[in-house]
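Peer 1: Structure in C-alpha coordinates, see below.
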Amino acid sequence: MLLLDTLNQMIPSAVRATVISMNSLCVRAIFAALGPAVGYAIDGWGLSLVLLACGGVSLAVYTFVLLPLVFREILVGQPSRLD
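Positions 16 to 98 (our numbering) are the ones given, in order, by the sequence shown.
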(Lines of atoms letter the chains of each structure in order from A and count residues from 1; the text may use other names and numbers.)
(Lines give C-alpha, C1' and ligand atoms only; values in the text may rest on other atoms or scores of the structure.)
Protein backbone atom coordinates (compact mmCIF):
# COMPACT_ATOMS: atom_id res chain seq x y z
CA MET A 1 0.00 0.00 0.00
CA LEU A 2 2.84 2.37 0.81
CA LEU A 3 4.46 1.76 -2.58
CA LEU A 4 1.17 2.33 -4.43
CA ASP A 5 0.48 5.52 -2.45
CA THR A 6 3.97 6.77 -3.24
CA LEU A 7 3.47 6.01 -6.93
CA ASN A 8 0.13 7.84 -6.92
CA GLN A 9 1.71 10.93 -5.37
CA MET A 10 4.86 10.98 -7.50
CA ILE A 11 3.50 10.19 -10.97
CA PRO A 12 1.60 12.80 -13.00
CA SER A 13 -2.02 11.87 -13.63
CA ALA A 14 -1.49 11.76 -17.42
CA VAL A 15 0.66 8.62 -17.13
CA ARG A 16 -0.41 7.26 -13.73
CA ALA A 17 -2.59 4.44 -15.11
CA THR A 18 0.22 3.29 -17.41
CA VAL A 19 2.78 3.27 -14.60
CA ILE A 20 0.48 1.35 -12.24
CA SER A 21 -0.34 -1.13 -15.02
CA MET A 22 3.35 -1.66 -15.81
CA ASN A 23 4.05 -2.13 -12.10
CA SER A 24 1.39 -4.82 -11.94
CA LEU A 25 2.75 -6.47 -15.10
CA CYS A 26 6.28 -6.56 -13.66
CA VAL A 27 5.09 -8.09 -10.38
CA ARG A 28 3.18 -10.79 -12.24
CA ALA A 29 6.10 -11.48 -14.59
CA ILE A 30 8.46 -11.87 -11.65
CA PHE A 31 6.00 -14.24 -9.98
CA ALA A 32 5.64 -16.24 -13.22
CA ALA A 33 9.41 -16.57 -13.49
CA LEU A 34 10.13 -17.30 -9.83
CA GLY A 35 7.21 -19.68 -9.20
CA PRO A 36 8.63 -22.60 -11.21
CA ALA A 37 12.16 -21.84 -9.99
CA VAL A 38 11.03 -22.00 -6.36
CA GLY A 39 9.16 -25.25 -7.06
CA TYR A 40 12.26 -26.76 -8.63
CA ALA A 41 14.36 -25.61 -5.64
CA ILE A 42 11.84 -27.17 -3.22
CA ASP A 43 12.17 -30.47 -5.07
CA GLY A 44 15.95 -30.29 -4.76
CA TRP A 45 16.56 -28.81 -1.31
CA GLY A 46 13.34 -29.22 0.63
CA LEU A 47 10.50 -26.96 1.63
CA SER A 48 11.93 -25.61 4.90
CA LEU A 49 15.24 -24.47 3.45
CA VAL A 50 13.68 -22.84 0.38
CA LEU A 51 11.01 -21.04 2.41
CA LEU A 52 13.69 -19.78 4.78
CA ALA A 53 15.74 -18.53 1.82
CA CYS A 54 12.67 -16.88 0.23
CA GLY A 55 11.88 -15.17 3.53
CA GLY A 56 15.44 -13.87 3.81
CA VAL A 57 15.44 -12.54 0.26
CA SER A 58 12.02 -10.92 0.77
CA LEU A 59 13.15 -9.29 4.00
CA ALA A 60 16.25 -7.89 2.30
CA VAL A 61 14.30 -6.54 -0.67
CA TYR A 62 11.63 -4.94 1.49
CA THR A 63 14.29 -3.42 3.72
CA PHE A 64 16.06 -1.75 0.81
CA VAL A 65 12.91 -0.76 -1.11
CA LEU A 66 10.27 0.10 1.48
CA LEU A 67 12.36 1.41 4.36
CA PRO A 68 13.62 4.43 2.38
CA LEU A 69 10.00 5.22 1.44
CA VAL A 70 8.93 5.08 5.07
CA PHE A 71 11.80 7.32 6.16
CA ARG A 72 11.04 9.80 3.38
CA GLU A 73 7.38 9.92 4.47
CA ILE A 74 8.43 10.51 8.08
CA LEU A 75 11.21 13.04 7.47
CA VAL A 76 9.85 15.00 4.52
CA GLY A 77 6.13 14.47 4.93
CA GLN A 78 5.29 13.75 1.31
CA PRO A 79 7.31 12.38 -1.58
CA SER A 80 8.15 14.81 -4.35
CA ARG A 81 6.26 14.63 -7.65
CA LEU A 82 7.98 13.67 -10.88
CA ASP A 83 6.22 16.19 -13.14
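Backbone N, C-alpha and C define an ideal beta-carbon position, used for all residues, glycine too.
In terms of residues, what are the limits of the alpha helix (DSSP H) holding residue 52?
Peer 2: Boundaries of the alpha helix (DSSP H) around residue 52: 31-60.
Peer 1: To the nearest angstrom, report how far apart residue 24 and residue 43 are at their CA atoms.
Peer 2: 23 Å
Peer 1: When the Cα atoms are used, what is the spatial distance from residue 76 to residue 41?
Peer 2: Spanning the two alpha carbons is a distance of roughly 15 Å.
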